[in-house]
Structure formats: structure tokens, C-alpha cells
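One structure below.
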Amino acid sequence: MQTLMKNFFVLSALVLVGTWLLAATPLTANAQTHHSTVAQSTQVGLTTGWANVRTGTSTGTSVVTTYAPNTRVTIYQSVNGQIVWGGIRTWYRISSTNSAPRYIYGGLISIGSSAPSGQGKSIVVNLSQERLYAYENGRQVYTTLVTTGRPELPTPTGTFHIFVKLHPTTFYSPYPVGSPYYYAPTYINYALEFQYGGYFMHDSWWRYNYGPGTQYPHHDSSGNPSANFGSHGCVNMPVPAAAWLYNWAPIGTTVKITY
Numbered sequence: 001m002q003t004l005m006k007n008f009f010v011l012s013a014l015v016l017v018g019t020w021l022l023a024a025t026p027l028t029a030n031a032q033t034h035h036s037t038v039a040q041s042t043q044v045g046l047t048t049g050w051a052n053v054r055t056g057t058s059t060g061t062s063v064v065t066t067y068a069p070n071t072r073v074t075i076y077q078s079v080n081g082q083i084v085w086g087g088i089r090t091w092y093r094i095s096s097t098n099s100a101p102r103y104i105y106g107g108l109i110s111i112g113s114s115a116p117s118g119q120g121k122s123i124v125v126n127l128s129q130e131r132l133y134a135y136e137n138g139r140q141v142y143t144t145l146v147t148t149g150r151p152e153l154p155t156p157t158g159t160f161h162i163f164v165k166l167h168p169t170t171f172y173s174p175y176p177v178g179s180p181y182y183y184a185p186t187y188i189n190y191a192l193e194f195q196y197g198g199y200f201m202h203d204s205w206w207r208y209n210y211g212p213g214t215q216y217p218h219h220d221s222s223g224n225p226s227a228n229f230g231s232h233g234c235v236n237m238p239v240p241a242a243a244w245l246y247n248w249a250p251i252g253t254t255v256k257i258t259y
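If you read the sequence shown in full-length UniProt numbering, its first letter stands for residue 1, the second for the next number, and so on.
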């Protein structure tokens, strides 16, 4: 009888221990799940030009570093911030939300893991000839005379990529009233931005003459006084040429400006 009672108590103890283990196991698993890190949904992008990495979503915040064109970045968040140009208010957070904030302006990022689009297409602007050439797979498919920046506001040279396309839009002068470079708000039919800071290839409906020498003071046949000088750094062209370029060149198209 004593042996039977002893076996009963041992068996009961084992059952109690097993029940406790079964009950404890899901609690432990829940605790581990509760403390695990939640994965963030991210996107991949490429910088389309030289891009400042800032601590906030405006040009008044500190620059941490600068990325070269075609730098691959991970985008953790899209937020609204300062509109720098083209009506774009999106800024991309390229640091995780549990680390120090780092942002790049949305106009300088192409979403997607591949290289910028426009592969096989390129645009060459020759400042000596004041002429634009369009190439597709190495073959010239279009050309037009242009007017580039006046000597004091030159068109930048180098290799760039189109990263903003606007149709139509209005340009507003970055120079104050009274400045010799001020201009009234101007309607533009087709505009393709290739360099940070508002450098566009666009139509200039107020001009009649294009080509060599038009970047310097001259007399334009249109009779419009503002057409007697070169541009403010943009690449001006007739409306039909700008329309053709706008429809032909996608975001990411290479732009080479040279002498």
C-alpha cells in the first residue's frame, strides 16, 4: 500500500511539472516575440545628381555628407518638407527610424534598384556651336540650335541626368526685383531639369534667334528686349524642339554639356 501511494505521488508530481512546462513555453515565446525588432518596409533608390544628405527636410538644415550621382540608397520613409523646385515637396529618409534622421530631397532620387532610365539615349549640348544633339544607341536622331547662359550666368559643363520633367510650368526668378537678372513669372511649355539648382533645357517662346553668339548681348528679331541676352544658365530652344525633346527623353537620360 505504501509503495502504491508513493508511486501515485511521484506520478502526480510529474504531471504537475509537465503541465507547468507546457504553460510556460507559450509565455516565453510570447515574450520573445514582444521584444523582437519589427522589420521596416523599405524601397531602393538612386541619386540622379550630386545630392546633399541633410538632418532635416529643408535646405536650412545641416548637410551631413554629399552623395555622387547614381549612389544606391535605402529609403525608409517618405515625408513632406520644403519645396525646393518643381513643386516637389517629398523628402526621403535614408536612415532607419531608430537612428539619427538623414534626408535627401525627393527631386534628387530615382525610385527603383536599376540604373536611371533612358539607357541608349543621350543629349549633347555644344556651347561653342550653341547646338543640341540627341543620340539613340550612338546614332544622331535630332539636332537644334540653342541659346545657353550669358557669360556672367554660364551653363554648367559636365555630365548630368534628367531628373525632373515639367509640362507646363511657370518659372519664378530667384533674383529680387531690381536685380539686373530679375525676370517676371514666365510660362514655360516644356522643361527638363538636368542639374540641381534649376538648370533646365526648355522652350523660350519669346526668342526668335538661336545659335552661335546668342549667349552674348545681341539684337533678337523678336523685338523682345529680354531675348537680346543669353539665358540665366538654362539651355533655351524653340517650342517645337522642346516638345520633341520632352516626348523623347525619359527621366535618367544622360546630358553632356561641353565646348
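Glycine is no exception: its CB is placed at the ideal position from the N, C-alpha and C atoms.
Boundaries (first-last residue) of the beta strand (DSSP E) holding residue i
i, result
"Thr48", "Counting along the chain, Thr48 falls outside any beta strand (DSSP E), and DSSP gives it neither H nor E."
"Ser58", "That residue, Ser58, is in no beta strand (DSSP E); it is neither H nor E in DSSP."
"Val84", "First-last for Val84: undefined, no H or E at that position."
"Gln77", "Gln77 to Asn80"
"Ser110", "Ile109 to Ile111"
Residues sharing a beta bridge with residue i, DSSP
i, result
"Tyr103", "Arg54 and Arg93"
"Tyr67", "Ala51"
"Gln43", "Ile75"
Cβ separation of residue i and residue j, assumed to be a contact under 8 Å, to the nearest whole Å
i, j, result
"Asn209", "Asp220", "5 Å"
"Val53", "Ile88", "In fact, because the Cβ distance is near 17 Å, the residues do not count as touching under 8 Å."
"Thr74", "Thr42", "5 Å"
"Ser231", "Thr169", "So it is not a contact: roughly 16 Å between Cβ atoms."
"Ile251", "Phe163", "6 Å"
"Val239", "Asp203", "4 Å"
"Ser62", "Thr55", "5 Å"
"Thr258", "Glu130", "Contact flag wrong, Cβ pair sits at about 12 Å."
"Gly60", "Trp85", "Contact doesn't hold; Cβ gap of about 16 Å is too wide."
"Tyr182", "Tyr172", "In fact, because the Cβ distance is near 10 Å, the residues do not count as touching under 8 Å."
"Ala243", "Tyr190", "5 Å"
Any non-hydrogen atom of the ligand GTP within 7 Å of residue i CB
i, result
"Gln119", "As far as ligands go, the structure on display features none, and thus does not contain the ligand GTP."
Beta carbon proximity, residue i to chain C, threshold 8 Å
i, result
"Ile109", "Given the protein chain composition of this structure (a single chain), no chain C is represented."
Coil, strand or helix - residue i by DSSP
i, result
"Thr33", "Here Thr33 scores only 31 on pLDDT, less than 50, and its place in the model is too uncertain to base an answer on."
"Ala115", "Note that Ala115 scores a pLDDT of 48, beneath 50, so its modelled location is shaky; the value from the coordinates is reported in the next line. Coil, per DSSP."
Q | 3-residue-minimum beta strand (DSSP E) runs that sit fully inside the UniProt domain "L,D-TPase catalytic" (121-258), ordered along the chain | A | 121-126, 131-136, 139-145, 158-161, 164-166, 169-171, 186-188, 191-195, 199-203, 235-237 and 254-258
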